[in-house]
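Here is the structure we will look at, set down as structure tokens.
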Amino acid sequence: MLSAVTDQSNTKTILKRMYAAEAEYLLAGGPGSADFEPLAGHFSPEVVLHQAEALPYGGTWRGHADLERFFAAMSRTWAVFEFVEQEFVATDEDTGTAVVLTQVRARSRATGRELEFPILQTITVRDDRIAEVRPFYWDTAAIAAACTPEQATPQR
């Protein structure tokens with residue numbers, strides 16, 4: 001049986017370390033500029049990230065290579081994507097599961113539109129690494145619309 005977390009760590013600490021590494025990665029230029037390995041080390045090699053299909057970066061992303069591609073897709077979608085506020089709503093050390101509520105401020109690269117929205121994530125940690133992430137967006141249609149340029153109406 002896989003252990004959820006070790007005695008030297010806990011789920012919340014592991015996630016805080018990952019969020020700090022993610023911030024450093026993005027500050028260093030993110031995809032195409034920064035070294036992904038320090039961030040990847042916080043995730044299981046078999047990590048699974050489930051994104052809502054309606055999003056520009058929707059789908060299931062598996063493993064470190066896919067995770068790096070996910071960050072590149074996010075970077076192509078958003079000119080700005082910042083965590084305004086973050087709350088650890090619940091953690092269960094027996095299962096290594098956390099529920100994290102994040103308020104996001106973002107600006108679409110394609111349209112320049114800005115929006116704020118919450119994301120509620122369930123995150124599972126196994127053997128001190130993040131094994132699965134399931135983000136739930138309040139309104140995927142609004143996010144997709146903000147990222148989609150309006151089509152010009154043909155003139156008659």
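Numbering (full-length UniProt numbering), first residue to last: 1 to 156. Virtual Cβ for every residue (Gly too), placed ideally from N, Cα, C.
Check                                                                                                                                                              : Outcome
Determine the burial state of T148: buried for a count of at least 16 other Cβ atoms within 10 Å of its Cβ, exposed for fewer.                                     : exposed
By Cβ distance, which residues of its chain are closer than 6 Å to R105, with the 5 residues on each side in sequence left out?                                    : E82, V84, E116
Spatial neighbours of V100 within its chain, please: CB distance less than 6 Å, with the 5 preceding and 5 following residues excluded, ordered by chain position. : F88, Q121
Where does L55 sit, in a helix, a strand or coil, going by DSSP?                                                                                                   : coil
Return helix, strand or coil for R109, following the three-state DSSP convention.                                                                                  : coil
I think I119 touches V47, with their Cβ atoms under 8 Å apart; what is that distance to the nearest whole Å?                                                       : Wrong, their Cβ atoms sit about 18 Å apart, outside the cutoff.
Which class does F36 belong to by DSSP, given the choice of helix, strand or coil?                                                                                 : coil
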